[in-house]
Amino acid sequence: MKRAIALAGVAALLSACATTDGASSDAAFASCAAYAPAYQVTDEFMRTFNSKNPEAWGATFHFPSVRIASG
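So for the sequence shown, my numbering puts the first residue at 1; every next one is plus one.
#1: Between the alpha carbons of Ala36 and Ala30, how many angstroms are there, rounded?
#2: Tell me the DSSP secondary structure of Pro54 in three-state form.
#3: How long is the line joining the alpha carbons of Phe61 and Thr48, rounded to whole angstroms?
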(Lines of atoms letter the chains of each structure in order from A and count residues from 1; the text may use other names and numbers.)
(Lines give C-alpha, C1' and ligand atoms only; values in the text may rest on other atoms or scores of the structure.)
Protein backbone atom coordinates (compact mmCIF):
# COMPACT_ATOMS: atom_id res chain seq x y z
CA MET A 1 0.00 0.00 0.00
CA LYS A 2 2.80 2.42 0.88
CA ARG A 3 4.53 1.58 -2.38
CA ALA A 4 1.37 2.30 -4.38
CA ILE A 5 0.99 5.67 -2.67
CA ALA A 6 4.65 6.48 -3.33
CA LEU A 7 4.32 5.51 -7.00
CA ALA A 8 1.17 7.60 -7.33
CA GLY A 9 3.02 10.55 -5.84
CA VAL A 10 5.92 10.12 -8.26
CA ALA A 11 3.50 9.85 -11.17
CA ALA A 12 1.76 13.05 -10.07
CA LEU A 13 5.07 14.90 -9.82
CA LEU A 14 6.22 13.68 -13.22
CA SER A 15 2.96 14.66 -14.88
CA ALA A 16 3.28 18.14 -13.37
CA CYS A 17 6.63 18.51 -15.13
CA ALA A 18 5.22 17.56 -18.54
CA THR A 19 5.52 20.24 -21.18
CA THR A 20 2.53 21.90 -22.75
CA ASP A 21 1.90 22.69 -26.40
CA GLY A 22 4.83 24.92 -27.24
CA ALA A 23 3.46 26.55 -30.38
CA SER A 24 1.30 29.12 -28.64
CA SER A 25 3.84 29.91 -25.94
CA ASP A 26 6.66 30.20 -28.52
CA ALA A 27 4.68 32.77 -30.51
CA ALA A 28 3.98 34.79 -27.38
CA PHE A 29 7.63 34.61 -26.37
CA ALA A 30 8.85 35.67 -29.82
CA SER A 31 6.57 38.72 -29.76
CA CYS A 32 8.27 39.97 -26.58
CA ALA A 33 10.39 43.08 -27.15
CA ALA A 34 13.34 41.53 -25.29
CA TYR A 35 13.36 38.33 -27.38
CA ALA A 36 15.68 39.45 -30.20
CA PRO A 37 18.27 41.26 -28.05
CA ALA A 38 18.41 38.36 -25.58
CA TYR A 39 18.98 35.82 -28.32
CA GLN A 40 21.53 38.07 -30.01
CA VAL A 41 23.59 38.21 -26.80
CA THR A 42 23.26 34.45 -26.31
CA ASP A 43 24.27 33.70 -29.90
CA GLU A 44 27.28 36.04 -29.66
CA PHE A 45 28.29 34.41 -26.37
CA MET A 46 28.21 30.94 -27.93
CA ARG A 47 29.95 32.07 -31.14
CA THR A 48 32.85 33.63 -29.23
CA PHE A 49 33.01 30.69 -26.80
CA ASN A 50 33.36 28.27 -29.69
CA SER A 51 35.99 30.46 -31.36
CA LYS A 52 38.22 29.95 -28.30
CA ASN A 53 39.06 33.67 -28.31
CA PRO A 54 39.06 34.69 -24.63
CA GLU A 55 39.08 38.43 -25.31
CA ALA A 56 36.06 38.28 -27.62
CA TRP A 57 34.30 35.85 -25.31
CA GLY A 58 34.95 38.07 -22.28
CA ALA A 59 33.42 41.04 -24.10
CA THR A 60 30.07 39.22 -24.12
CA PHE A 61 29.90 39.11 -20.32
CA HIS A 62 27.49 41.77 -19.12
CA PHE A 63 28.02 41.36 -15.40
CA PRO A 64 30.93 41.93 -13.04
CA SER A 65 33.07 38.88 -12.49
CA VAL A 66 34.50 38.49 -9.02
CA ARG A 67 36.73 35.67 -7.88
CA ILE A 68 36.84 35.09 -4.16
CA ALA A 69 39.84 33.03 -3.13
CA SER A 70 41.70 32.48 0.07
CA GLY A 71 45.29 33.52 0.64
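The beta carbon of each residue, even a glycine, is placed where N, CA and C say it ideally should be.
So, from the listed chains and residues:
#1: As a working note, residue 36 is residue 36 in the sequence shown. As a working note, residue 30 is residue 30 in the sequence shown. Straight-line Cα distance between these residues: approximately 8 Å.
#2: Here residue 54 is taken as the residue at index 54 of the sequence shown, counted from 1. Helix, per DSSP.
#3: Here residue 61 corresponds to residue number 61 of the sequence shown, with the count starting at 1. Here residue 48 corresponds to residue number 48 of the sequence shown, with the count starting at 1. Rounded to whole angstroms, Phe61 to Thr48 spans 11 Å at the Cα level.
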